[in-house]
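**Student:** Residue numbers (the working numbering): 721 to 867. Glycine included, C-beta positions come from ideal geometry on N, C-alpha and C. This is the structure, below, for whatever I ask next.
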């Protein structure tokens with residue numbers, strides 16, 4: 721190899737190495753929210769805090785009297801993981817199926833959102849990140865209220 725070819729080859733290797741190293745340091749755009757929530761560990765903490773918050777709200781906890789809390793926890797973690805761009809797939813029932821005959825009012829829905837915000841605050845999730853998650857969960861609203 722000539723010195724010119726060797727220098728070009730070395731420069732190409734350095735550029736490729738830098739490219740691959742920088743690619744490893746940056747989370748894919750699709751899972752940025754998942755990462756900002758703390759990945760599976762953070763989502764699990766948020767969920768546990770959410771269940772805790774629900775347990776102390778008399779108006780909301782009544783909707784959970786017949787709920788299998790372990791299943792709720794598992795499916796809520798899946799749902800948040802999926803909507804945040806994480807590696808999960810929600811495998812639970814549709815929101816309509818889950819909420820049929822619960823007759824959740826708009827005020828109760830809004831209060832439940834407040835409890836989720838409190839859970840995220842307890843987990844130290846920054847407000848802009850909270851807003852991103854809430855925006856991704858918002859499309860489920862019509863499937864929950866007055867079913």
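Less than 8 Å between the C-beta atoms of residue 856 and residue 803, yes or no?
**Tutor:** In contact: residue 856 and residue 803 (Cβ atoms closer than 8 Å).
**Student:** With a threshold of 16 other CB atoms inside 10 Å of the CB of residue 799, please say whether the residue is buried or exposed.
**Tutor:** Residue burial annotation: residue 799 is buried, with at least 16 other C-beta atoms found within 10 angstroms of its C-beta.
**Student:** Please report how far the alpha carbon of residue 758 lies from the alpha carbon of residue 815, in whole angstroms.
**Tutor:** If you draw a straight line from the Cα of residue 758 to the Cα of residue 815, it is about 25 Å long.
**Student:** In the DSSP output, which residue or residues are listed as bridge partners for residue 824?
**Tutor:** 865
**Student:** Could you give the first and the last residue of the continuous alpha helix (DSSP H) run that contains residue 752?
**Tutor:** 752-756
**Student:** Do residue 831 and residue 780 count as a contact pair if the criterion is CB distance below 8 Å?
**Tutor:** yes
**Student:** Run the CB neighbour count on residue 858, radius 10 Å, all protein chains shown included, and call it buried at 16 or more, exposed below.
**Tutor:** Burial is judged here by how many other beta carbons sit within 10 angstroms of a residue's own beta carbon; residue 858 has fewer than 16 and is exposed.
**Student:** Kindly indicate which three-state DSSP category residue 808 falls into: helix, strand or coil?
**Tutor:** coil
**Student:** Within its chain, find whatever has a CB closer than 6 Å to the CB of residue 817; leave out the 5 residues flanking it on each side and keep chain order.
**Tutor:** none
**Student:** Give the straight-line distance between the Cα atoms of residue 750 and residue 809, rounded to the nearest whole angstrom.
**Tutor:** 14 Å
**Student:** Indicate the three-state DSSP secondary structure (helix, strand or coil) for residue 766 in the structure shown.
**Tutor:** helix
**Student:** Measure the Cβ-Cβ separation of residue 754 and residue 806 and say whether it is below 8 Å.
**Tutor:** yes
**Student:** Closest by CA to residue 796, which one among 785, 771, 824, 838?
**Tutor:** 771
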